[in-house]
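To keep things clear, I will list the structure first and then write my remarks on it.
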Ligand code: NOJ
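In mature numbering (1 follows the signal peptide of the UniProt record, and there is no 0), the protein residues as written are -18 to -1, 1 to 515.
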């Protein structure tokens, strides 16, 4: 009943707010025909644990995700990433899919325990693991696809978790730096775009606060802040290592990939809602971006967490502090900002009592999240399609961090459980509308240089297992060869890429028709092969 009331409330407020909406010159709904700047880079992405499989092959060590997914009850249907898409064995096949799309870049991540089995360099470096990434990188370059490598997409070596408590421990800063340094040494002659950490928000909140993700800790009110603090320092250290040791000869760029939903005030004439929405975004992307661009946490985080900690009777804030030396060390450690973005929320002010031992990241924010029941949600429960939120987030980033160079590192949509529908018109719609809002943002002056569709393949979706499919390509996980099949969105995305945008209405309308022409025969093929199997 509560959520129904909220929905109705949101509905009413939206209807009344729609009239005086004037944040942009164009109305929210209008489509913008035009093209992206020359040289704009189009790509697709993946991550090691989600796609490689081969979890225990060729000397790879265990990661926290190997261990977490093997524990009963942690992952939907007890799925694991043990074999996943078998990407480890399919470099050539997957690159041919990228060629089909005519991608300019491919974003992948390097599994730390695959090349350092315990996470510690002095223990052992696994040359077989290095060889795999060498081959991947060489094959990409031979096919004129720019590699964008992420150093940490959540697969911390298990030994570092067991020995030190993972990101709760400051020693991760040096271990991560040694790993990164080895990657620069071995791959940096060919890889020119580095992403230190992927989505540290998720690692902190879901890994150390709610425990939904590995390592599964529930250190409410403190764990996420401490993990984040160490990750920010680790990121900064790796940037400095590149800057002082490698940049001169390798001439690459080092950034970080932050994820952020957009938060829109429920009632745009209510100051409290406006502030709550701002807080939502500051506690999300600002938590990491503000230290990295300005040297310290957002003021609003310091204020809220500090006040609530005091009300609990704590002598110091649960939000750690940076010394003045650390502030200047962390500030400015980003050559480009990676943005992962999927969805938007309406935000309203909501007070939480503190002082009853129930502190958490979520209650620290004093807000409630709402959704408009009319927003499409074709896939994951949390993922509502709200394209205009993307443009706003990008403009927020421009305004807050002095117009940094941006690469969109993740954007995409999933589909519902067990769906074997290759005619994914909802994904076509999502990509069309979100990339169009990105184009509008570029026209607004936001410095976006590239876009990465998430993801190339269906894959292991963390605690949701294989139930949520984000791929442009469908992967048949029931077949032990894990064959890939193009969804209709492949045909559509391909056309956005080859036109570098949206030339004109007539042509763009044709794309959709053409994209869906072939998918029904692919559907039949898939169904037939399943029958035989
Ligand atoms: C962000 C994560 O970085 C990625 O691994 C995941 O697949 C997407 N969110 C979708 O949930």
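Here a beta-carbon is modelled for each residue, glycine too, at the ideal position from N, C-alpha and C. Here the structure is a predicted model, which is why all the values come from computation and not from measurement.
Checklist entry - With respect to the beta strand (DSSP E) encompassing residue 173, which residues constitute its N-terminal and C-terminal limits? => result Where residue 173 is concerned, there is no enclosing beta strand (DSSP E), because DSSP gives it neither an H nor an E.
Checklist entry - Taking three-plus beta-carbon pairs below 8 Å as touching, is the segment 74 to 91 in contact with the segment 40 to 57? => result A contact between stretches requires three or more CB pairs, one per stretch, nearer than 8 Å, and the segment 74 to 91 fails this requirement with the segment 40 to 57.
Checklist entry - Shortest alpha-carbon distance to residue 35 belongs to which of 360, 111, 150, 121? => result For the residues 360, 111, 150, 121, the minimum Cα distance to residue 35 belongs to 111.
Checklist entry - To the nearest angstrom, how far is it from the Cα of residue 310 to the Cα of residue 223? => result It is roughly 15 Å from the alpha-carbon of residue 310 to the alpha-carbon of residue 223.
Checklist entry - Since residue 288 is in the alpha helix (DSSP H), which residue starts that stretch and which ends it? => result Per DSSP, residue 288 belongs to the alpha helix (DSSP H) from 281 to 293.
Checklist entry - Just the Cα atoms here: how many angstroms apart are residue 441 and residue 422? => result Taking the straight line from one Cα to the other gives about 31 Å.
Item to check | Counted within 10 angstroms of its Cβ, other Cβ atoms place residue 469 as buried (16 or more) or exposed | outcome: With 16 or more other Cβ atoms within 10 Å, it is buried.
Checklist entry - When the distance is taken between beta carbons, is residue 321 closer than 9 Å to residue 379? => result A contact, by the Cβ cut-off of 9 Å.
Next on the checklist: Please give the ranges of any beta strand (DSSP E) in the segment 378 to 440, keeping only runs that are unbroken, at least 3 residues long and fully inside the region.
Outcome noted: The segment 378 to 440 is shown to contain whole beta strand (DSSP E) runs of 3 or more residues at 388 to 393, 430 to 435, in chain order.
Item to check | Straight-line gap, residue 408 to residue 474 (C-alpha atoms, nearest Å) | outcome: In this structure, the straight-line span from the alpha carbon of residue 408 to that of residue 474 is close to 12 Å.
Item to check | Same chain, Cβ closer than 8 Å to residue 118, five either side skipped, listed in chain order | outcome: For residue 118, same chain residues with a beta-carbon under 8 Å away, outside a window of 5 residues either side, are 73, 90, 129 in chain order.
Next on the checklist: By alpha-carbon positions, which one of 85, 131, 160 ends up nearest to residue 125?
Outcome noted: The closest CA to that of residue 125, considering only 85, 131, 160, is found on 85.
Checklist entry - Just how far apart, CA to CA, sit residue 490 and residue 174? => result About 34 Å.
Checklist entry - In whole angstroms, what is the alpha-carbon distance linking residue 262 and residue 200? => result Residue 262 and residue 200: Cα-Cα distance of roughly 21 Å.
Checklist entry - Hey, which unbroken runs of the beta strand (DSSP E) at 3 residues or more fall wholly within the segment 34 to 92? => result With a minimum length of 3 residues, the continuous beta strand (DSSP E) runs that stay inside the segment 34 to 92 are 87 to 91.
Item to check | Three-state class that DSSP yields for residue 236 in the structure shown | outcome: Residue state for residue 236 is assigned as strand, using DSSP reduced to three classes.
Checklist entry - Expressed to the nearest angstrom, what Euclidean distance is found between the alpha-carbon atoms of residue 159 and residue 165? => result Between residue 159 and residue 165, the alpha-carbon positions lie close to 10 Å from each other.
Checklist entry - In or out: residue 123 buried (at least 16 other Cβ within 10 Å) or exposed? => result Residue 123 comes out exposed.
Checklist entry - Which value, in whole angstroms, describes the spacing of the CA atoms of residue 458 and residue 346? => result Residue 458 and residue 346: Cα-Cα distance of roughly 42 Å.
Next on the checklist: I need the DSSP call for residue 315, collapsed to helix, strand or coil.
Outcome noted: Assigned with DSSP and collapsed to three states, residue 315 falls in coil, not helix or strand.
Checklist entry - Can you find a heavy atom of ligand 2 that lies under 8 Å from the Cβ of residue 398? => result For the structure depicted, ligand 2 is absent and the ligand set comprises only ligand 1.
Checklist entry - Any heavy atom of ligand 1 within a distance shorter than 8 Å of the CB on residue 450? => result For ligand 1, at least one heavy atom lies less than 8 Å from the Cβ of residue 450.
Item to check | The alpha helix (DSSP H) enclosing residue 191, as first and last residue numbers | outcome: Here residue 191 belongs to no alpha helix (DSSP H), and DSSP marks it neither H nor E.
Next on the checklist: If you reduce the DSSP assignment to three classes, tell me which class residue 24 lands in.
Outcome noted: Residue state, collapsed to three classes: strand.
Checklist entry - Does the beta-carbon distance from residue 368 to residue 228 come in below 9 Å? => result Going by C-beta atoms, residue 368 is not nearer than 9 Å to residue 228.
Next on the checklist: Pairs of beta-carbons, one from the segment 285 to 298 and one from the segment 351 to 359, closer than 8 Å: are there three or more?
Outcome noted: Judged by Cβ distances under 8 Å, the segment 285 to 298 makes no contact with the segment 351 to 359, as fewer than three pairs qualify.
Next on the checklist: Please classify residue 206 as buried or exposed, where buried requires at least 16 other C-beta atoms within 10 Å of its C-beta.
Outcome noted: Residue 206 should be labelled buried.
Item to check | As assigned by DSSP and simplified to three states, the class of residue 327 | outcome: Strand.
Item to check | Beta-carbon proximity check, residue 376 vs residue 428, cutoff 9 Å | outcome: Yes, the Cβ-Cβ distance between residue 376 and residue 428 is below 9 Å.
Checklist entry - How many Å lie between residue 269 and residue 242 at the Cα? => result Cα to Cα, the separation comes out at about 10 Å.
Next on the checklist: Give me the residue from 92, 446, 87 with the minimum Cα distance to residue 438.
Outcome noted: Among 92, 446, 87, the Cα nearest to that of residue 438 is on 87.
Next on the checklist: Please confirm whether residue 304 has its beta-carbon closer than 9 Å to some beta-carbon of chain B.
Outcome noted: In summary, chain B is missing from the structure at hand, where a single protein chain is found.
Item to check | alpha helix (DSSP H) segment containing residue 197, residue limits | outcome: Annotation: residue 197 is outside any alpha helix (DSSP H) and is labelled neither H nor E by DSSP.
Checklist entry - When you compare only the Cα positions, how much space is there between residue -18 and residue 63? => result Below a pLDDT of 50, predicted positions are generally treated as unreliable, and residue -18, at 40, falls in that range; no measurement from the model is reported.
Checklist entry - Terminal residues of the continuous alpha helix (DSSP H) containing residue 111? => result From DSSP, the alpha helix (DSSP H) with residue 111 extends over 109 to 124.
Item to check | Closest Cα partner of residue 370 within the set 405, 332, 324 | outcome: Among 405, 332, 324, the Cα nearest to that of residue 370 belongs to 324.
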